[in-house]
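Peer 1:
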Amino acid sequence: MSAPQAEPVTHIDDDRFRVTEWRFAPGAETGWHVHGHDYVVVPLSDGQMGLVGPDGKQAQAQLKQGIPYSRRTGVAHNVSNIGETPFSFLEIEVVENELEQKRLDVMRRFSAAWNAHDLETIMEMTADDCAFHASAGTEAEGARHVGREAVRAAYAGIFAVFPDGQWTNGKAMISGDTGLTWWRFVGTTVEGKKVEVDGCDILTFAGEKIAVKDSYRKARS
Ligand code: NI
40 MSAPQAEPVT
50 HIDDDRFRVT
60 EWRFAPGAET
70 GWHVHGHDYV
80 VVPLSDGQMG
90 LVGPDGKQAQ
100 AQLKQGIPYS
110 RRTGVAHNVS
120 NIGETPFSFL
130 EIEVVENELE
140 QKRLDVMRRF
150 SAAWNAHDLE
160 TIMEMTADDC
170 AFHASAGTEA
180 EGARHVGREA
190 VRAAYAGIFA
200 VFPDGQWTNG
210 KAMISGDTGL
220 TWWRFVGTTV
230 EGKKVEVDGC
240 DILTFAGEKI
250 AVKDSYRKAR
260 S
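The numbering of the sequence shown is the working numbering, which starts it at 40 and goes up by one.
1. By Cβ distance, which residues of its chain are closer than 7 angstroms to valine 91, with the 5 residues on each side in sequence left out?
2. In whole angstroms, give me the CA-to-CA distance for lysine 141 and valine 134.
3. Between alanine 166 and alanine 42, which are expected to be in contact by the criterion C-beta below 8 angstroms, what is the C-beta distance as a whole number of angstroms?
4. Please report the residue range of the alpha helix (DSSP H) in which isoleucine 121 lies.
5. Applying the criterion that 16 or more other CB atoms from any shown protein chain within 10 Å of the CB defines a buried residue, is threonine 49 buried or exposed?
6. When the distance is taken between beta carbons, is glycine 204 closer than 8 angstroms to asparagine 226?
7. Check whether the segment 174 to 194 touches the segment 207 to 215, counting contact only when three or more Cβ pairs, one atom from each stretch, lie closer than 8 angstroms.
8. Starting from the C-beta of phenylalanine 244, find all residues in its chain whose C-beta is less than 7 angstroms away, skip the five residues before and the five after it, and write them out in chain order.
9. May I have a chain-ordered list of the beta strand (DSSP E) segments no shorter than 3 residues that lie completely inside the segment 194 to 250?
10. Quick check on glutamine 44: does DSSP put it in helix, strand or coil?
11. For valine 114, which residues of its own chain have a beta-carbon under 7 angstroms away from its beta-carbon, when the five flanking residues on both sides are left out?
12. If you drop the 5 nearest sequence neighbours on each side, which residues of the same chain put their C-beta closer than 6 angstroms to that of valine 79?
13. Provide the residue span of the alpha helix (DSSP H) that contains tryptophan 153, from first to last.
14. Is it the case that the CB of valine 134 approaches a heavy atom of the ligand NI more closely than 7 angstroms?
15. With three or more beta-carbon pairs closer than 8 angstroms as the criterion, would you say the segment 48 to 68 touches the segment 122 to 130?
16. Starting from methionine 162, trace the alpha helix (DSSP H) in both directions and tell me its first and last residue.
17. Considering only heavy atoms of the ligand NI, does any lie closer than 7 angstroms to the CB of valine 118?
18. Between histidine 72 and aspartate 85, what straight-line distance do the alpha-carbon atoms span, to the nearest angstrom?
So, in structure tokens, the structure goes:
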């Protein structure tokens, strides 16, 4: 006979949080699952929880009403009620990370496409409504290139000036709609002038596409 199922009740399910109340009758279990998000558990009652992990061994944990604990993405287990009374807890998952992780992946592929001088792939990752603010120019923002054709032409111009240009030691981070990449640019102009300079891009996302690339670099003297 299989164990009864723990009962999930969804309280919140939006683009930032998923809050699920899990109710366990004695002997009930969740079934095997892998957590796809960071999460916090808040016990709503005391209870005796059984946990079976990937090694197949049964462990125990005491739930204390109102005493929370947190875990990271990737936890895999089957959770059961091994006590004689029902218990329940709130599981609060941070789901906003999902979009941020996708955007981080876009930024990594965007950097790779720049180093490959792959203009088609760069433009695939660029929003329809887009702009590129260059690191130099007459305007406060640097030279502004607005719209896909202008942005494409400006990017093509960079590859034309620096046929060997590379953005080395690239790093990336994301917070909400704003991504930051920083790197050391190394390249030689068609006239043979070698350039090596640190810089960064502040990227503004629209969904999973890059809407604005705002470039900065050190002024070497
Ligand atoms: Ni779990």
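C-beta atoms are modelled at their ideal positions from N, C-alpha and C, and glycine is treated no differently.
Peer 2: Let me spell this out:
1. In the sequence shown, residue 91 corresponds to position 52, counting from 1. Result list for valine 91: Gln97, His116, Asn117, in chain order.
2. Indexing the sequence shown from 1 puts residue 141 at position 102. Indexing the sequence shown from 1 puts residue 134 at position 95. The straight-line gap from Cα to Cα measures roughly 12 angstroms.
3. Stepping through the sequence shown from its first residue, residue 166 is reached at position 127. Stepping through the sequence shown from its first residue, residue 42 is reached at position 3. At roughly 49 angstroms, the Cβ-Cβ gap does not stay under 8 angstroms, so alanine 166 and alanine 42 are not in contact.
4. Here residue 121 is taken as the residue at index 82 of the sequence shown, counted from 1. Premise fails: isoleucine 121 is in no alpha helix (DSSP H) and is neither H nor E.
5. As a working mapping, residue 49 is identified with position 10 in the sequence shown. When all chains shown are included, threonine 49 counts as exposed.
6. Taking the first residue of the sequence shown as 1, we reach residue 226 at position 187. Taking the first residue of the sequence shown as 1, we reach residue 204 at position 165. Contrary to the premise, residue 226 reads as glycine rather than asparagine in this sequence. Against a cut-off of 8 angstroms, the Cβ pair of glycine 204 and glycine 226 comes out as a contact.
7. no
8. Taking the first residue of the sequence shown as position 1, residue 244 is located at position 205. Contacts found: Arg142, Asp216, Gly218, Ala250.
9. 205 to 214, 217 to 227, 233 to 245
10. For the purposes of this step, residue 44 is identified with residue 5 of the sequence shown, where counting begins at 1. Note: glutamine 44 maps to strand in three-state DSSP.
11. As a position in the sequence shown, residue 114 is number 75, starting the count at 1. Same-chain partners within the cutoff: His74.
12. Taking the sequence shown and counting its residues from 1, one reaches residue 79 at position 40. If we look at valine 79 and ignore the five residues flanking it on each side, its Cβ neighbours are Pro107, Ser109, Ile131.
13. The count along the sequence shown starts at 1 and reaches residue 153 at position 114. Tryptophan 153 -> alpha helix (DSSP H) spans 136 to 154.
14. The residue labelled residue 134 in the question sits at position 95 within the sequence shown. No, the beta carbon of valine 134 sits no closer than 7 angstroms to any heavy atom of the ligand NI.
15. yes
16. Residue mapping note: residue 162 aligns to position 123 of the sequence shown, counting from 1. Note, methionine 162: alpha helix (DSSP H), 158 to 163.
17. In the sequence shown, the residue the question calls residue 118 occupies position 79. Yes - the ligand NI has a heavy atom lying nearer than 7 angstroms to the Cβ of valine 118.
18. On the sequence shown, position 33 is the one that residue 72 refers to. On the sequence shown, position 46 is the one that residue 85 refers to. Going by the C-alpha atoms only, they are around 23 angstroms apart.
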